[in-house]
Amino acid sequence: MTDESHSRVRDAAAARGLEIEIRERPNARSLFEAAEILGIDPSGIVKTLVVKRADDTYLFALVPGGRSISWPKLRAIVGVNKLRLPEPELALAATGYERGTIVPIGSTTDWPVYADETIVGQRIAMGAGAHGYSLFVEADDLIAAYGATVADISVPETPRPDQEPAGA
(Lines of atoms letter the chains of each structure in order from A and count residues from 1; the text may use other names and numbers.)
(Lines give C-alpha, C1' and ligand atoms only; values in the text may rest on other atoms or scores of the structure.)
Protein backbone atom coordinates (compact mmCIF):
# COMPACT_ATOMS: atom_id res chain seq x y z
CA MET A 1 0.00 0.00 0.00
CA THR A 2 2.94 2.35 0.57
CA ASP A 3 3.86 2.75 -3.11
CA GLU A 4 0.20 3.11 -4.14
CA SER A 5 -0.49 5.65 -1.37
CA HIS A 6 2.64 7.66 -2.12
CA SER A 7 1.86 7.69 -5.84
CA ARG A 8 -1.66 8.87 -5.11
CA VAL A 9 -0.36 11.62 -2.79
CA ARG A 10 2.37 12.74 -5.21
CA ASP A 11 0.02 12.72 -8.23
CA ALA A 12 -2.66 14.69 -6.37
CA ALA A 13 -0.09 17.21 -5.11
CA ALA A 14 1.31 17.69 -8.62
CA ALA A 15 -2.19 18.14 -10.05
CA ARG A 16 -2.77 21.00 -7.60
CA GLY A 17 0.69 22.53 -8.02
CA LEU A 18 1.73 21.64 -4.47
CA GLU A 19 5.36 21.08 -3.59
CA ILE A 20 5.61 18.31 -1.01
CA GLU A 21 8.34 16.29 0.63
CA ILE A 22 7.68 12.78 1.94
CA ARG A 23 10.12 11.50 4.56
CA GLU A 24 10.38 8.04 6.05
CA ARG A 25 10.48 8.08 9.85
CA PRO A 26 10.37 5.63 12.73
CA ASN A 27 7.16 5.29 14.70
CA ALA A 28 6.84 7.67 17.64
CA ARG A 29 5.09 7.08 20.95
CA SER A 30 4.09 10.71 21.49
CA LEU A 31 3.72 14.05 19.78
CA PHE A 32 6.93 15.24 21.43
CA GLU A 33 8.89 12.20 20.26
CA ALA A 34 7.56 12.64 16.72
CA ALA A 35 8.55 16.31 16.75
CA GLU A 36 12.03 15.41 17.97
CA ILE A 37 12.43 12.77 15.25
CA LEU A 38 11.33 15.24 12.58
CA GLY A 39 13.34 18.12 14.04
CA ILE A 40 10.36 20.46 14.32
CA ASP A 41 8.21 22.07 17.00
CA PRO A 42 5.25 19.90 18.10
CA SER A 43 2.84 22.56 16.78
CA GLY A 44 4.28 21.95 13.31
CA ILE A 45 2.81 18.45 13.24
CA VAL A 46 -0.73 18.76 11.93
CA LYS A 47 -3.34 16.07 12.44
CA THR A 48 -5.78 15.56 9.59
CA LEU A 49 -9.01 14.47 11.23
CA VAL A 50 -11.88 13.07 9.21
CA VAL A 51 -15.14 14.38 10.63
CA LYS A 52 -18.53 12.87 9.82
CA ARG A 53 -21.61 15.05 9.38
CA ALA A 54 -25.15 13.91 10.18
CA ASP A 55 -25.90 13.62 6.43
CA ASP A 56 -23.13 10.99 6.05
CA THR A 57 -20.75 13.36 4.27
CA TYR A 58 -17.35 14.21 5.67
CA LEU A 59 -14.87 17.02 6.06
CA PHE A 60 -11.21 17.29 6.95
CA ALA A 61 -10.13 19.27 10.02
CA LEU A 62 -6.45 20.26 10.16
CA VAL A 63 -5.40 20.69 13.79
CA PRO A 64 -1.83 21.36 14.97
CA GLY A 65 -0.02 19.31 17.59
CA GLY A 66 -0.80 20.35 21.13
CA ARG A 67 -4.35 21.33 20.19
CA SER A 68 -7.67 19.48 19.84
CA ILE A 69 -10.80 20.12 17.81
CA SER A 70 -13.22 22.47 19.51
CA TRP A 71 -16.49 20.80 18.58
CA PRO A 72 -18.63 23.88 19.35
CA LYS A 73 -16.37 26.10 17.22
CA LEU A 74 -16.24 23.63 14.33
CA ARG A 75 -20.02 23.08 14.37
CA ALA A 76 -20.56 26.86 14.29
CA ILE A 77 -18.16 27.33 11.35
CA VAL A 78 -19.65 24.42 9.39
CA GLY A 79 -23.20 25.50 10.31
CA VAL A 80 -24.42 22.16 11.64
CA ASN A 81 -25.55 20.76 14.98
CA LYS A 82 -23.91 17.34 14.77
CA LEU A 83 -20.36 16.32 13.93
CA ARG A 84 -18.35 13.33 15.10
CA LEU A 85 -15.25 11.28 14.44
CA PRO A 86 -16.23 8.21 12.41
CA GLU A 87 -15.19 4.65 13.12
CA PRO A 88 -11.81 3.73 11.57
CA GLU A 89 -13.41 1.68 8.78
CA LEU A 90 -15.64 4.61 7.78
CA ALA A 91 -12.66 6.98 7.75
CA LEU A 92 -10.81 4.53 5.49
CA ALA A 93 -13.81 4.20 3.17
CA ALA A 94 -14.22 8.00 3.03
CA THR A 95 -10.57 8.79 2.27
CA GLY A 96 -8.72 5.67 1.15
CA TYR A 97 -6.30 6.17 4.06
CA GLU A 98 -6.02 4.48 7.45
CA ARG A 99 -6.17 6.56 10.61
CA GLY A 100 -2.76 7.93 11.44
CA THR A 101 -1.91 8.33 7.74
CA ILE A 102 -4.80 10.55 6.58
CA VAL A 103 -4.08 13.62 4.49
CA PRO A 104 -6.44 15.59 2.22
CA ILE A 105 -3.93 15.23 -0.62
CA GLY A 106 -4.91 12.19 -2.68
CA SER A 107 -8.02 11.36 -0.69
CA THR A 108 -10.37 9.19 -2.73
CA THR A 109 -12.99 11.93 -2.25
CA ASP A 110 -12.28 15.67 -2.12
CA TRP A 111 -14.04 16.55 1.12
CA PRO A 112 -14.07 20.19 2.29
CA VAL A 113 -11.02 21.21 4.33
CA TYR A 114 -11.15 23.31 7.52
CA ALA A 115 -7.75 24.47 8.75
CA ASP A 116 -7.06 25.83 12.19
CA GLU A 117 -5.87 29.42 11.93
CA THR A 118 -2.72 28.65 13.94
CA ILE A 119 -1.14 26.73 11.03
CA VAL A 120 -1.14 29.71 8.66
CA GLY A 121 2.35 30.76 7.58
CA GLN A 122 4.04 27.54 8.69
CA ARG A 123 5.76 24.63 6.99
CA ILE A 124 3.89 21.67 8.45
CA ALA A 125 4.29 17.91 8.72
CA MET A 126 1.27 15.65 8.37
CA GLY A 127 0.23 12.15 7.41
CA ALA A 128 1.58 10.90 4.11
CA GLY A 129 -0.91 8.17 3.25
CA ALA A 130 1.14 5.34 4.78
CA HIS A 131 2.43 4.48 8.24
CA GLY A 132 6.06 5.40 8.90
CA TYR A 133 6.09 8.48 6.68
CA SER A 134 5.47 12.20 7.10
CA LEU A 135 4.57 14.72 4.44
CA PHE A 136 5.94 18.27 4.59
CA VAL A 137 4.15 21.14 2.87
CA GLU A 138 3.70 24.88 3.22
CA ALA A 139 0.39 25.31 5.05
CA ASP A 140 -0.55 28.38 3.01
CA ASP A 141 -0.05 26.47 -0.25
CA LEU A 142 -2.15 23.55 1.02
CA ILE A 143 -4.89 25.93 2.17
CA ALA A 144 -4.93 27.68 -1.22
CA ALA A 145 -4.81 24.44 -3.24
CA TYR A 146 -7.81 23.00 -1.41
CA GLY A 147 -9.78 26.21 -0.91
CA ALA A 148 -9.69 25.46 2.79
CA THR A 149 -11.72 27.44 5.27
CA VAL A 150 -9.31 28.94 7.80
CA ALA A 151 -10.82 29.51 11.23
CA ASP A 152 -10.35 29.11 14.96
CA ILE A 153 -11.44 25.46 15.28
CA SER A 154 -9.22 24.23 18.10
CA VAL A 155 -8.38 24.55 21.77
CA PRO A 156 -5.11 23.86 23.59
CA GLU A 157 -4.75 20.30 24.86
CA THR A 158 -3.98 19.68 28.48
CA PRO A 159 -0.92 17.43 28.34
CA ARG A 160 -1.00 14.16 30.23
CA PRO A 161 2.13 13.27 32.21
CA ASP A 162 3.10 10.71 29.55
CA GLN A 163 2.96 13.43 26.88
CA GLU A 164 5.43 15.81 28.48
CA PRO A 165 8.68 16.45 26.62
CA ALA A 166 11.82 14.87 28.02
CA GLY A 167 13.43 17.01 30.68
CA ALA A 168 10.29 19.05 31.31
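If you want the working numbering, it's the 1-based position in the sequence shown plus 150. In this text, a Cβ means the ideal position worked out from N, Cα and C, and glycines have one as well.
The C-alpha of G215 is placed about 7 Å away from the C-alpha of L181. K202 sits close to R234, with the two beta carbons spaced by under 7 Å.
Of all C-beta pairs linking the stretch 205 to 214 to the stretch 175 to 190, fewer than three are shorter than 8 Å, placing the two stretches out of contact.
Counting along the chain, E171 sits inside the beta strand (DSSP E) bounded by residues 171 to 174. Rounded to whole angstroms, A295 and A163 show a C-alpha spacing of 9 Å. Under the three-state reduction of DSSP, E288 is assigned to strand.
Excluding five sequence positions before and after T258, the CB atoms of its chain that fall closer than 7 Å to its own CB belong to T245, G246, given in chain order.
Taking 7 Å as the cut-off, the Cβ atoms of R175 and S284 count as close. DSSP places P222 within a helical segment (H, G or I) once states are collapsed to three.
Listed in chain order, the non-local C-beta contacts of R160 below 6 Å within the same chain number zero, local neighbours out to five positions each way being set aside. When secondary structure is reduced to three states using DSSP, P306 falls in the strand class. Fewer than three pairs of CB atoms, one per stretch, sit closer than 8 Å, so the stretch 220 to 234 makes no contact with the stretch 269 to 285. Following the DSSP letters along the chain, one finds T299 inside the beta strand (DSSP E) bounded by residues 299 to 301.
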